[in-house]
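Asks: Let me give you the structure first, and then I'll get to my questions.
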Amino acid sequence: MVPQPLVTGVSPKEGPPGTRITIRGENLGRDLKDLIGLKICGVDCLLSAEWKSSSKIIARTGSGKGKGDIIVSTKSGGTGSCTVGFRGFFVQIGPLQESAVWIDETQTVLNQLGRRGNTSPLAAKDDDDPLGISDEGNKQKSEEEMLELFPECSGNMSLENFSPAWYLLENHQTASFDDLKHGLTNMRRSARTRSEGPIAFVKTNIGAILDCLDSLDTMYEKFSEDDIQRECISSYAVSLMQAKSCADGLFQDVLGRKDKADATRNALNVLQRFKFLFYLPLNIERNIQKGDYNLVINDYVRARSLFADTQVKVFQKVYKEVESRVHAFREMLHDKLMKLPNTLEDQKKLIKYLNHLECKGDPAWECIQNQQQWLYSLLTECKTHHINEPDEPVINQRNSINGAQIHYTRGSRTSGYFGEAGWKFRTPQKVLFVEELTEIMTNNFPDFWKLGHAYMSGNLTMKEEGKNVKSDQTNIFKQMVSSTIKYFSNIVRAAFLPKSLENLAEDKLKELGIWPDSQQEISGAWLPHCVRYVRSCASSLCGLDLPSDSQELIHELAFDMRTNCMFTMLKQAINDVRSLHTKETWVVELDDEFGGTTQLPALFENIVNEAIQHLHEVVVQNRTGEREIFGHRTVQKEATSLCTKLLEAFAPCLEQLAFSKTEQVATSPVQLRYSQDKNTNRDQEDLIPTKDKKLIIMLSNCNHTKQHIIPRLVENLNKYGYVETNKVMQASQDTYNKLDEKLFEAYIEEKSDPIVGTMEPNMYRGHFDWRHCRQPNDVRNYLKEVIMAMIEVHAEVHSISPAFICRVMVKIVDAVVEELSRLIQCVPEFGTNGILQARLEILCLQHTIEIYKSENTITSFKEALEHLPDAAQSDKRKMEELMNKFRTQMKFQLMCFTSDTSTA
Amino acid sequence: MSKAKAQQPAVIHKVIMVGSGGVGKSALTLQFMYDEFVEDYEPTKADSYRKKVVLDGEEVQIDILDTAGQEDYAAIRDNYFRSGEGFLCVFSITEQESFQATAEFREQILRVKNDDNIPFLLVGNKADLEDKRQVTQDEAHQRALSWNVAYVETSAKTRANVDKVFYDLMREIRSRKMRASQQNNGQKKKKKTNKRKCVIL
């Protein structure tokens, strides 16, 4: 077991409550926790105990009074003992004395002031024993005795009539001379200390002294009030004044320093307390650089709420600085807001910031205006740029354009361009223009609109201003929107539909841009491209829920573009069709069903189909929200007439080919020379057919077109929503019928003329005379030649188009029979043999063309036969013979005619 | 507690440390009491220490009153001095003023105790700081001689002569006490005898 704690030392050994004492000893605990009790003068002081080591504890004494033990208790050693003790005492602390503990002064000080206010504290303190020799137990003389000894004197040191002898007798009657001598030195020493004392004393008791001075002042005032003569206090006054000035002088420095220190401390406090404000300018700057605008605004709002109305100079100054920073910040934000392009979110954010900063004016509105202007300028810039650009942009130049305008193309276009650069080498400027323009619109306009919308709905303004924005600015904004749209649509129109702007003033037109003539027309192939851009732009803009008038404008533009495109394309197709004749190769492809045709009708069909298809995809097909293209009456009419034209356009082409003569022949050798192919050389020669062949080919083409292609095309048109296709059908059918007729007639003429023309000379060849001819023994050669010629025609037609055979042969036969009939009727007189001959020939012919007979031929034959006198019965037999002979002789020739019937 | 107290030796020698401020009174005391050397200086007011020691085979208690050297407390010294049985008058050999002040202390002690042969030791502390010495051994010895006391040089830091000064002083106190008791006894005896004599007479 560890020995008990033993306290052997205490420092100091006495003191008032709260004295900090060092306790030393043995076994005062092994560690902090081992120490479990400390009693000083019976008062528990464990709370204040600081365990330093097993031989040292520091503690504060409690309120124990008188001499007492210091008992330390430890867990390990139990309750200990002590060899030394502590003496606690209460000191009556005067108002001018230092104390380590808080003292309730209401009692002591007031009492002292009240009761002994006039005693000098100094005197009171030293009253007891100025000599420092403590002689106890001396017999005192009574005051009466003393008064007798020293009349008019006093033993009180504070009085003027103080008598030292009295004092000595009173207090140190029994002291030895040596003692008194010691007392003297002692007194001298204390006097010396006292002479130095006052300053230290006053320093420590400045407050009380100032109070004294104050009370002296009031005293002085009281005195001067009470004393009318003023004389009796003048001496007091003077000395008081002197004392005061002396005191003032003494403490001038100290006070000054104190004031300074106080001021500095105050300033520091203020700096500390309002650190926020003082650092604010710097913080604002820093946060702006960091882009932490929210923080800046929050700080600023806080600062404003705290310091805006401050009266303090320093704050005003700093706040001014803050204001200027914020002003610059505002400007910066404003500039940023005005700088375009910018995303909608950024703009909204910036506007919100500016609103929070209570920017002058209406940033959102300014932003809207600015953006509108910017949009305007973008459009204009785009327009002028493209107008001024030559129509043959070199790739390099394109690069530079893209470089310059990349900011609103967002890069997507660039790649597209370079990829397509090969075949888009000569992309018309207008196309580029419309691409870029629509891109500008689709990219930037929605933001503008949304911004405006947000503004109108009050999202971008401070709450209290939200209301009065409405009516006025809504209208202006609507105007802005519609004017922007209008401008957009007008410059597009100026480029593509200048005619639609005709009713505008000259200068306005100039403003919208006048495209040079070289660029006036762009090929139909590009138009759908443009239309696609405009339409997609329109649909994206219309998706924004724009006001109806703007939407109307956009729709109109798109619609006009579409119709324009459609018309242009149709016209283009017509032109293409018209120039088809140059493509004729004269290669006839036989088809059992349709007869022989060249590739031309197919080409025609292709062109038309392609055009329709293309138009359908780009133009006709409706998107949601777009107007039906055929809903418009004039458009409908125009479209119908164009379609008709388109379908009819093939006819002149065919006609031209059919009747072309020399030029074709002339051009083809030229072409031949160019194409040095050995094979084609010969083929080409064969390919240019004779006129009659051309006719029949074209006839066949025409027929084919009329019968198959036109219905198909019309059906197609119908399918794609074109209206009044019946009319188109009707008109085109008419045209082709006419052409057909014309061609047919021409062909028949072409064919029958030589046959018919040669009949008469051939009939009378060899001075044939109907009267004196010999008895016929055969059908004459002319008829055979005619038949041969007819066979030839038949063959030709058959080779092209068997369907025509009947039609052609009937006509030809008709002509031949008519001629024969005419010739017979023209014969004035027949011999018997002549009659026989004629009859034989008529009958043979009749027999031959049996299947091709028509009303005409029948009457012609009838007339011819009626003209002939009747033949004798014997002749009839003879004629039978001859007929049979003809049949057998001409068997193969006749088969041409009969075989037709089997095939037909 | 009473038990512990009961065990304490009855004989107590009361030693008082005097000397100017900062000469090392407390340092000497603490070195003697607890074998520790305190470096930092903290002016003492009045500290009290008491412990058991074995003096020449006899268990006694030494009670040390460590007083304030500063002039501020000069007034209360008288009261302390009255209770003292022996004095260690300490000065610092590195400070001439402290040596001079010893005369005043001696004077005051003698005045209060009213006894020229009071047990008293002149102690020159800080002997380890030989290079800063301002008070020669000679003048110290001369003064001690003139006072008819011993002079010892100590070092609280190195503990040189620390025990010696306390034990020497205790021996003086003891011998003086013994003399006094003999005197008392003698007086008593005398009185007694006188009385007896008187009675007898």
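Residue numbers (the working numbering), protein chains in the order written: chain F, 27 to 930; chain V, 23 to 223.
The beta-carbon is built from N, C-alpha and C at its ideal position, and this holds for glycine as well.
Using 8 Å as the Cβ pair cut-off and three pairs as the minimum, do the region 345-354 of chain F and the region 313-332 of chain F touch?
Replies: Because the criterion of three Cβ pairs below 8 Å is met, the region 345-354 of chain F and the region 313-332 of chain F touch.
Asks: Kindly confirm or deny that the region 586-593 of chain F and the region 567-577 of chain F touch, where touching means at least three C-beta pairs closer than 8 Å.
Replies: Because the criterion of three Cβ pairs below 8 Å is not met, the region 586-593 of chain F and the region 567-577 of chain F do not touch.
Asks: Listing by chain order, which chain V residues have their CB less than 7 Å from the CB of T230 of chain F?
Replies: Going along chain V, no residue has its Cβ under 7 Å from T230 of chain F, so there is no contact; the nearest lies around 13 Å.
Asks: Please classify V264 of chain F: is it buried, with 16 or more other beta-carbons within 10 angstroms of its beta-carbon, or exposed?
Replies: Exposed.
Asks: My output table needs one value for A675 of chain F: the three-state DSSP class, helix, strand or coil.
Replies: A675 of chain F: coil per DSSP, three-state reduction.
Asks: Does the beta-carbon distance from S99 of chain F to G68 of chain F come in below 9 Å?
Replies: No, Cβ-Cβ distance for S99 of chain F and G68 of chain F is not below 9 Å.
Asks: What did DSSP end up calling N707 of chain F once you bin it into helix, strand or coil?
Replies: Since pLDDT at N707 of chain F reaches only 41, below the 50 mark, its modelled position is unreliable, and the value read off the structure follows with that caveat. Helix.
Asks: For a cutoff of 9 Å on Cβ pairs, would you count T219 of chain F as touching chain V?
Replies: Yes - at least one Cβ of chain V is within 9 Å of the one on T219 of chain F.
Asks: Would you please verify whether the beta carbon of H198 of chain F is less than 9 Å from any beta carbon of chain A?
Replies: Considering every chain present, this structure includes no chain A. Its protein chains are F and V.
Asks: Flag this pair as touching only if the region 104-117 of chain F and the region 31-51 of chain F have three or more C-beta atom pairs under 8 Å; answer yes or no.
Replies: They touch, by the three-pair rule.
Asks: What's the gap between the Cα of N320 of chain F and the Cα of F302 of chain F?
Replies: Going from the Cα of N320 of chain F to the Cα of F302 of chain F covers about 16 Å.
Asks: Using a Cβ cut-off of 7 Å, pull out every chain F residue sitting near R72 of chain V, in sequence order please.
Replies: Going along chain F in sequence order, the residues near R72 of chain V (Cβ under 7 Å) are T34, T109 and V110.
Asks: In whole angstroms, give me the CA-to-CA distance for I413 of chain F and Q342 of chain F.
Replies: So the two alpha carbons sit approximately 59 Å from each other.
Asks: Check the C-beta distance from V661 of chain F over to L739 of chain F and give it rounded, since I have them as a contact under 8 Å.
Replies: With 8 Å as the limit, V661 of chain F and L739 of chain F do not qualify as a contact, their Cβ atoms being about 20 Å apart.
Asks: Using a 10 Å radius around the Cβ and a threshold of 16 neighbouring Cβ atoms, would you call G46 of chain V buried or exposed?
Replies: Label assigned to G46 of chain V: buried.
Asks: Rounded to whole angstroms, what is the Cα-Cα separation between V60 of chain V and V75 of chain V?
Replies: The straight-line gap from Cα to Cα measures roughly 22 Å.
Asks: Report yes or no: is there a C-beta of chain F within less than 9 Å of the C-beta of S48 of chain V?
Replies: Chain F, which has a Cβ nearer than 9 Å to the Cβ of S48 of chain V, makes this yes.
Asks: Report the neighbours of K29 of chain F on chain V: residues whose CB is nearer than 8 Å to its CB, in chain order.
Replies: Strictly speaking, residue 29 of chain F in this sequence is Pro, with Lys absent from that position. Near P29 of chain F there are no residues of chain V at all, since even the closest Cβ is about 10 Å away, more than 8 Å.
Asks: Given a cut-off of 9 Å, decide if V157 of chain V and I115 of chain V are closer than it, judged by their beta-carbon atoms.
Replies: Going by C-beta atoms, I115 of chain V is nearer than 9 Å to V157 of chain V.
Asks: Looking only at its own chain, which residues have a Cβ that is under 6 Å from the Cβ of R198 of chain V, when we skip the five neighbours before and after it?
Replies: Within the same chain, R198 of chain V has close Cβ partners P141.
Asks: Using only alpha-carbon positions, find the residue among V:V174, V:K179 and V:R133 that is nearest to A201 of chain F.
Replies: For A201 of chain F, the nearest C-alpha among the options comes from V:R133.
Asks: Could you tell me how far apart the beta carbons of Q851 of chain F and H893 of chain F are, in whole angstroms, since I believe they sit closer than 8 Å?
Replies: With a Cβ gap of about 5 Å, Q851 of chain F and H893 of chain F count as contacting.
Asks: If you pair each beta-carbon of the region 713-728 of chain F with each one of the region 762-773 of chain F, do three or more pairs fall below 8 Å?
Replies: At 8 Å Cβ cutoff, the stretches touch.
Asks: Per the DSSP calculation, G104 of chain F is bridged to which residue(s)?
Replies: In the DSSP output, where bridge partners are listed per residue, G104 of chain F has F:T100.
Asks: Are any of the Cβ atoms in chain V nearer than 9 Å to that of E76 of chain F?
Replies: Not one chain V Cβ lies under 9 Å of E76 of chain F.
Asks: If you measure from the beta carbon of D204 of chain F to each beta carbon in chain V, is any gap under 9 Å?
Replies: Closer than 9 Å: yes.
Asks: Considering Cα atoms alone, identify which of F:K82, F:L73, F:L297 and F:E40 is closest to D95 of chain F.
Replies: That would be F:E40, whose Cα lies nearest to the Cα of D95 of chain F.
Asks: Which of the three DSSP states is assigned to H793 of chain F in this structure?
Replies: Three-state DSSP puts H793 of chain F in coil, outside helix and strand.
Asks: So Y95 of chain V packs on K67 of chain V, CB below 8 Å; how close in whole Å?
Replies: That belief holds up - the Cβ atoms of Y95 of chain V and K67 of chain V are roughly 7 Å apart, short of 8 Å.
Asks: Could you work out which residues of chain V lie near K93 of chain F, taking near to mean beta carbons separated by less than 8 Å?
Replies: What K93 of chain F touches in chain V: nothing, since even the nearest Cβ is about 11 Å away.
Asks: Would you say Q83 of chain V lies against chain F (beta-carbon separation less than 9 Å)?
Replies: For Q83 of chain V, the answer is yes, since a Cβ of chain F falls inside 9 Å of its Cβ.
Asks: Could you name the residues of chain V that K39 of chain F contacts, counting a contact when the two beta carbons are closer than 7 Å?
Replies: Within chain V, the residues near K39 of chain F are A68, D69 and S70.
Asks: For the 8 Å Cβ check, are there 3 or more pairs between the region 804-819 of chain F and the region 907-919 of chain F?
Replies: Result yes; three or more Cβ-Cβ pairs closer than 8 Å.
Asks: Report the neighbours of Y56 of chain V on chain F: residues whose CB is nearer than 7 Å to its CB, in chain order.
Replies: Chain F residues near Y56 of chain V: R50 and S81.
Asks: Scan the region 32-69 of chain V and note each continuous alpha helix (DSSP H) run of 4 residues or more that stays entirely inside, going in chain order.
Replies: 47-56, all fully within the region 32-69 of chain V.
Asks: Where does T176 of chain V fall in DSSP's three states?
Replies: T176 of chain V falls in the coil class under three-state DSSP.
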